[in-house]
Amino acid sequence: MSRKFLLATLGESPAVITEAVDLLTEQGVRPDGVILLHTEDPDVKASLELLLLHLPAHCRISDVRPVSVGSYGDIDSVEAVVEFMQTVCTQLKAYREHRLFVSITGGRKAMSALLTLATQFYGAERLFYIWVPIWMEEEGKISNLRNLGEDMLIECLHPRLDVSESDRPKLIDFPFISIFSMLTDILDALAGQNLPPKEIRNFLESAGLLSRDGEITALGKRVLEILEQIEMLPPARQEEPELHIPSDHHYAKRLNDFARRMINFAPYILRVTGMPWSRGQPGVHAQPPNELIVGVPLGTDILFRLQVVTTARTSGELEAARRHLERYILRQRR
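According to my numbering, the sequence shown is numbered sequentially starting from 159.
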């Protein structure tokens, strides 16, 4: 059954998320769940922690899915750009069967630009930005919200909508054209295998992926690599994932928290089960036909092991999932 999800970049202002929920609700499309794309910046993490408590308690949205877009505080390097694009494209593809409302309000400008590009590739029902008056923008930042009492916090996170247009948040839709149906042609064009139709070439040139001479640019090469990797991943799960960590495990909370983050990051995971710990190097090993064995230290000198069942249907999909998940595991150590 199709559900409604708000997918949003998160920066230092938790209010842009709650304002998006309120404005979508006002328009009759209240989200059933919220997917939050976040960096590891301390203020961003503080914003995330606030929303993980506030959205279920005040907005009655219990399905909140944080997705780390990298181990960086900002999208300020080629490596960070690649990690961000890989993550957001994976999420957009995974939720194509649902009604997806994409907000590019939070986070850095680079995140907004890259998410806009990714949304053109994989589509969404709407792409939008939340406008607020300058004074309201300052009130919604985590630096202002940290020490507020409950009543003042709610007032800052949920500005009144029954006031003049100039004194309330506004949802501004961005027009965009989803080119998902042309993705195969785009991949062929970037790979130099076929001469693209005029409309595809115009798009690739305007996005800086092809030069005017039809040559793939450095950015185009990166995007091609990302899209090819995403297209090789197993399909998204269609049911709720299962998580089985023994409650009496000494590190049960740490393992559960890690496993939930991993499940949000990798939408092809069906089930995660705890295994006996061992020694060795962190990594991910394939176990055909559709399982992965994850080893991760989680800040200790032992190796926690998790059995991960995926939706992989072929050995190629399983290997793509192994590489995808191993990058995630290894970046936890940075």
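Even glycine gets a Cβ: it sits at the ideal position worked out from N, Cα and C.
Computed from a predicted model, the values in this text were never measured in an experiment.
Beta-carbon proximity list for residue i, same chain, < 8 Å, skipping 5 on both sides
{"i": "residue 402", "result": "429, 430, 431 and 432"}
{"i": "residue 219", "result": "179, 189, 190, 191, 192 and 213"}
{"i": "residue 388", "result": "244, 247, 248 and 251"}
Backbone secondary structure at residue i - three-state DSSP
{"i": "residue 270", "result": "helix"}
{"i": "residue 212", "result": "helix"}
{"i": "residue 444", "result": "strand"}
{"i": "residue 539", "result": "What is shown of the chain runs 159 to 492, which leaves residue 539 out entirely."}
{"i": "residue 166", "result": "strand"}
{"i": "residue 301", "result": "helix"}
{"i": "residue 348", "result": "helix"}
{"i": "residue 172", "result": "coil"}
{"i": "residue 495", "result": "Examination of residue 495 is not possible in this model, given that the chain is present from 159 through 492 alone."}
{"i": "residue 325", "result": "helix"}
Sub-9 Å separation of residue i and residue j beta-carbons
{"i": "residue 212", "j": "residue 248", "result": "no"}
{"i": "residue 377", "j": "residue 273", "result": "no"}
{"i": "residue 412", "j": "residue 457", "result": "yes"}
{"i": "residue 321", "j": "residue 276", "result": "no"}
{"i": "residue 385", "j": "residue 362", "result": "no"}
{"i": "residue 227", "j": "residue 383", "result": "no"}
{"i": "residue 287", "j": "residue 254", "result": "no"}
{"i": "residue 482", "j": "residue 345", "result": "no"}
{"i": "residue 170", "j": "residue 300", "result": "yes"}
{"i": "residue 224", "j": "residue 422", "result": "yes"}
{"i": "residue 236", "j": "residue 380", "result": "yes"}
{"i": "residue 324", "j": "residue 167", "result": "no"}
Residues of its chain near residue i, where Cβ-Cβ distance is below 6 Å and the 5 sequence neighbours each way are ignored
{"i": "residue 328", "result": "289"}
{"i": "residue 260", "result": "165, 277, 282 and 285"}
Cβ-based neighbour list, residue i, same chain, cut-off 7 Å, excluding 5 preceding and 5 following
{"i": "residue 316", "result": "176 and 180"}
{"i": "residue 444", "result": "450, 476, 477 and 480"}
{"i": "residue 311", "result": "303"}
{"i": "residue 467", "result": "428, 429, 448 and 449"}
Whole-number beta carbon distance between residue j and residue i, since they are thought to touch under 8 Å
{"i": "residue 298", "j": "residue 173", "result": "3 Å"}
{"i": "residue 358", "j": "residue 278", "result": "Incorrect: roughly 12 Å between the Cβ atoms, too far for contact."}
{"i": "residue 464", "j": "residue 437", "result": "Incorrect: roughly 16 Å between the Cβ atoms, too far for contact."}
{"i": "residue 425", "j": "residue 395", "result": "6 Å"}
Min CB distance residue i to chain C below 9 Å
{"i": "residue 296", "result": "This model lacks chain C altogether, as it is built from one protein chain only."}
Alpha helix (DSSP H) segments (min. 4 residues) lying fully within the region 401 to 427: The region 401 to 427 contains these whole alpha helix (DSSP H) runs: 410 to 423.
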